[in-house]
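Below is one structure, written out as structure tokens, with a few remarks after it.
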Amino acid sequence: MARAQPTSTAPFWFGDFEREIAGLHDPVDAAVDGEGRMHVLERLAARVSVYSRGGERLGAWGVRGDAPGEMLAPRGIALAAGRVFITDEGLHRVCVFAPDGTFISSWGRFGSESGAFCDPSGVAADAERVVVCDTGNDRVQVFDHEGRLVRVIGSRGTGEGQFRRPVDAAIAMDGSIHIVDADNARVQVFDANGRFVRAFGEWGPFVGLLDDPTGIVLHGGEALVVDHRNHRVQAFSSAGGFLGAWGIHEVELHEGQGKVHYPTALAVDPRGAFAVLVERVEDRVQVFGAVVPPPGLDRTSALVTPPKADQTHFGRAITADGPLLMLADPENHFTVTYDMRHEAPVIINQFGERGDRSGLLRLASCFDLDLSRGRLLIADPVQQRLQEWSITYDAAAPLKFDPDMASFSGAIDLDRLRASVSDAPLAHAMEPVGLGRLSGGELVVLDRRNRRVVLFDRAMNFVRSWGRMGGVGGGEFLDPVALAVDRVRSEIAVLDALRRDVQIFDDAGILRRVWRVIPPEESRTPTDETTAPSGLAIAPNGDVLVTDAGGCRVLRFSRDGEFKATWGKRGVGMSEFWKPGALTVAHDGLIVVVDQGNHRAQSFEGSGEWIATFGLGRAFTRSNPPRQVREEGDDDD
Numbered sequence: 097m098a099r100a101q102p103t104s105t106a107p108f109w110f111g112d113f114e115r116e117i118a119g120l121h122d123p124v125d126a127a128v129d130g131e132g133r134m135h136v137l138e139r140l141a142a143r144v145s146v147y148s149r150g151g152e153r154l155g156a157w158g159v160r161g162d163a164p165g166e167m168l169a170p171r172g173i174a175l176a177a178g179r180v181f182i183t184d185e186g187l188h189r190v191c192v193f194a195p196d197g198t199f200i201s202s203w204g205r206f207g208s209e210s211g212a213f214c215d216p217s218g219v220a221a222d223a224e225r226v227v228v229c230d231t232g233n234d235r236v237q238v239f240d241h242e243g244r245l246v247r248v249i250g251s252r253g254t255g256e257g258q259f260r261r262p263v264d265a266a267i268a269m270d271g272s273i274h275i276v277d278a279d280n281a282r283v284q285v286f287d288a289n290g291r292f293v294r295a296f297g298e299w300g301p302f303v304g305l306l307d308d309p310t311g312i313v314l315h316g317g318e319a320l321v322v323d324h325r326n327h328r329v330q331a332f333s334s335a336g337g338f339l340g341a342w343g344i345h346e347v348e349l350h351e352g353q354g355k356v357h358y359p360t361a362l363a364v365d366p367r368g369a370f371a372v373l374v375e376r377v378e379d380r381v382q383v384f385g386a387v388v389p390p391p392g393l394d395r396t397s398a399l400v401t402p403p404k405a406d407q408t409h410f411g412r413a414i415t416a417d418g419p420l421l422m423l424a425d426p427e428n429h430f431t432v433t434y435d436m437r438h439e440a441p442v443i444i445n446q447f448g449e450r451g452d453r454s455g456l457l458r459l460a461s462c463f464d465l466d467l468s469r470g471r472l473l474i475a476d477p478v479q480q481r482l483q484e485w486s487i488t489y490d491a492a493a494p495l496k497f498d499p500d501m502a503s504f505s506g507a508i509d510l511d512r513l514r515a516s517v518s519d520a521p522l523a524h525a526m527e528p529v530g531l532g533r534l535s536g537g538e539l540v541v542l543d544r545r546n547r548r549v550v551l552f553d554r555a556m557n558f559v560r561s562w563g564r565m566g567g568v569g570g571g572e573f574l575d576p577v578a579l580a581v582d583r584v585r586s587e588i589a590v591l592d593a594l595r596r597d598v599q600i601f602d603d604a605g606i607l608r609r610v611w612r613v614i615p616p617e618e619s620r621t622p623t624d625e626t627t628a629p630s631g632l633a634i635a636p637n638g639d640v641l642v643t644d645a646g647g648c649r650v651l652r653f654s655r656d657g658e659f660k661a662t663w664g665k666r667g668v669g670m671s672e673f674w675k676p677g678a679l680t681v682a683h684d685g686l687i688v689v690v691d692q693g694n695h696r697a698q699s700f701e702g703s704g705e706w707i708a709t710f711g712l713g714r715a716f717t718r719s720n721p722p723r724q725v726r727e728e729g730d731d732d733d
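Per the working numbering, residue 97 is the first one in the sequence shown, and the count goes up by one each step.
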């Protein structure tokens with residue numbers, strides 16, 4: 097990530113682990129100034145926390161809000177010319193501050209026209225320019241320090257100079273611009289005038305390959321790329337040649353102490369003395385000393401990356417119908433099907449493979465399973481497709497693993513669906529984050545990027561849409577992240593992570609109810625400011641269930657918004673969570689929660705009582721708990 101221009105010309109490489117700073121509130125980026133101070137950007141707290149290399153907290157500044165000088169969802173930080181540049185993906189703007197946090201200016205708004213943004217993320221700056229990754233518009237925009245647009249680089253695609261989810265930027269000493277093109281698994285280089293020069297990187301788990309790169313730093317003539325899903329940082333030459341890879345994956349959950357787990361961003365001291373590695377999922381940063389790599393040094397010796405296929409990496413896509421539960425594993429690019437009629441869920445099918453051809457997946461963002469029609473829909477926003485799979489299942493048949501249960505039957509082009517929306521044009525490529533069905537079979541799509549709910553009939557003909565960008569009125573969305581459909585009552589619920597509320601509409605798109613997902617006793621308290629709603633489901637009795645990734649818990653409300661109960665806390669034990677994500681209601685009212693930070697799923701009774709913890713391997717249940725729980729129970733006898 098961007099920081100002050102380097103004063104050292106020697107390449108940087110990782111030396112000894114020095115310390116970790118934990119307990120942060122969703123750290124997403126960092127920068128190091130010329131005095132060696134670390135500026136850590138905390139998205140959930142909407143602030144910059146400043147630390148010394150020794151870990152002493154020197155101060156913090158930033159206010160959550162939408163007024164001038166306030167931030168709603170800060171995402172990227174850069175230091176240049178005595179200024180701090182921060183992208184705010186919640187308000188779709190760039191904010192400029194003095195190093196002490198004094199507000200100077202801001203520019204940008206939500207939109208697709210030049211100078212506007214959709215979910216801006218990474219930012220880089222030098223003495224004259226500010227380079228912003230306009231992620232939701234799949235482009236890069238360059239401004240001067242006063243916010244005047246200089247140029248726009250790129251468009252959506254896979255060709256030279258095109259992007260699929262640009263997420264970070266860095267500016268070289270010669271003025272060239274390096275862009276991390278995440279969904280194309282590469283880095284693209286442009287000259288100072290925005291002309292394409294070269295690209296390097298491709299997808300894969302092996303050294304020299306990338307899987308969801310998320311950050312970049314230029315130092316000593318080398319590019320250090322944060323290889324998020326491979327749990328490492330890789331070094332490339334100025335020409336894009338592979339030089340080395342570093343990162344020892346955690347063995348125990350959340351152990352840290354030099355072990356790496358989903359690194360998000362990197363900052364290097366301008367003098368090359370140390371580096372700061374941001375791990376968003378762990379709510380921490382780790383500080384490492386530096387070594388100058390001598391000629392001939394094996395720069396892969398400190399690299400340990402376990403095979404992914406042996407681990408559970410459930411994502412946000414989850415669906416259930418009848419006895420079946422389906423969960424997506426976005427790292428292994430497959431879908432796992434469970435039979436939920438047993439205390440320990442039983443895997444009965446696994447399908448899927450990575451690729452861009454029909455029937456292959458890049459990212460399963462959400463599902464809808466309809467056993468009455470034998471159909472599974474999978475939304476893939478990277479491919480811009482809605483895949484249809486035929487599901488053959490007989491609940492009365494003997495329980496067994498059936499490799500042929502799912503078969504690909506076709507795909508629907510999201511660009512075609514987008515073009516069919518006639519009541520209000522969709523300016524951005526669709527980003528489905530929720531699918532659901534009404535009782536008549538109509539499909540409801542929650543399109544996060546366009547801040548819109550779109551309704552199609554059974555034949556996928558457009559019916560209506562509603563919603564717009566905004567944080568005040570009903571039917572306005574800031575960050576709609578989850579959808580739930582109540583087929584009994586013909587109601588559609590939308591969870592907004594930044595408004596921290598649930599809005600409930602009828603099937604005509606008329607707003608019926610809205611409430612905040614903050615228990616009343618926590619309103620206007622520190623807990624209020626760290627609540628991060630993530631997943632949404634509706635129980636058979638109409639109650640609304642919400643996961644809180646910030647508080648590591650599940651919240652239960654009545655259909656009218658009355659707070660009823662909560663369960664869970666941060667931890668790795670049974671019924672504990674680490675940044676829980678999606679959830680659904682499965683067979684017999686079971687509540688299934690994706691415990692993303694702990695690489696597992698957990699099932700509960702409707703009351704919140706724990707039933708099972710499971711993944712791709714062994715499941716723990718009340719009758720077969722983990723050994724530690726059994727031993728504690730024996731001691732009590």
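C-beta: ideal position from N, C-alpha, C; glycine also.
These numbers were taken from a predicted model, which means no experiment stands behind them.
In the structure shown, the three-state DSSP call for R514 is helix. Rounded to the nearest whole angstrom, the C-alpha separation of M436 and P722 is 20 Å.
Boundaries of the beta strand (DSSP E) around I200: F199 to W203. Under DSSP, F332 shares a beta bridge with A319 and F338. For A386 and G161, the gap between their C-alpha atoms comes out near 38 Å. For T431, the secondary structure class from DSSP, reduced to helix, strand or coil, is strand. Under the three-state reduction of DSSP, V598 is assigned to strand.
The alpha-carbon separation between Y434 and G470 amounts to approximately 16 Å. In this structure Q407 is in contact with H695, their Cβ atoms being roughly 6 Å apart against a cut-off of 8 Å. DSSP places E618 in the helix class (H, G or I) of the three-state scheme.
Rounded to the nearest whole angstrom, the CA to CA distance from L482 to I508 is 5 Å. Judged by DSSP secondary structure, H683 falls outside any beta strand (DSSP E); it is assigned neither H nor E. Within the same chain, and ignoring the five residues on either side of C214 in sequence, the residues whose Cβ sits closer than 6 Å to its Cβ are G232, N233 and H524. In this structure A127 touches A363 by the C-beta definition: roughly 5 Å separates them, less than 8 Å. In chain order, V517, V541, D543 and S561 place their CB closer than 7 Å to the CB of V550, counting only its own chain and leaving out the 5 sequence neighbours on each side. Separation of the CB atoms of F497 and I443 is rounded to 7 Å, and the pair is thereby assigned contact status at 8 Å. L245 counts as exposed, since fewer than 16 other C-beta atoms from the protein chains shown sit within 10 angstroms of its C-beta. Across the set W342, H438, R718 and M422, the C-alpha of W342 shows the shortest separation from the C-alpha of D394. Counting every other CB atom within 10 Å of its CB across the protein chains shown gives E439 a total below 16, marking it as exposed.
Judged by DSSP in its simplified three-state form, A278 adopts helix. Here V478 carries a coil assignment [DSSP, helix/strand/coil]. Taking C-beta separations shorter than 8 Å and ignoring five residues to either side along the sequence, the partners of G317 in its chain run T105, P107, S333 and S334, following chain order. Judged by beta-carbon spacing, V190 lies within the 8 Å limit of V226, meaning their Cβ atoms are closer than that value. With 16 or more other CB atoms across the displayed protein chains lying within 10 angstroms of its CB, I634 is buried. In this chain, K665 is not harboured by any beta strand (DSSP E), its DSSP state being neither H nor E. Restricting attention to alpha helix (DSSP H) runs no shorter than 4 residues, the segment 636-662 encloses none.
About 18 Å separates the Cβ atoms of A212 and P170, ruling out a contact at the 8 Å cut-off. In the three-state scheme derived from DSSP, where H, G and I count as helix and E and B as strand, N546 is classed as coil.
Leaving aside the five residues that flank E166 on each side, the residues in its chain whose CB is nearer than 6 Å to its CB run, in chain order, V159.
With a cut-off of 8 Å on Cβ pairs, the segment 646-656 is not in contact with the segment 712-719, counting fewer than three such pairs.
At a Cβ-Cβ threshold of 8 Å, V568 and L591 do not count as neighbours. In this structure, G702 keeps its C-beta atom at 8 Å or more from the C-beta atom of G677. The alpha-carbon separation between V598 and F239 amounts to approximately 37 Å. Beyond the five residues adjoining it in sequence on each side, R596 comes within less than 7 Å, by CB distance, of R612, V613, I614, T627 and P629 in the same chain, given in chain order. In this chain, the beta strand (DSSP E) harbouring E375 covers F370 to E375. Under the 10 Å beta carbon count, M269 is surrounded by fewer than 16 other beta carbons and is classified as exposed.
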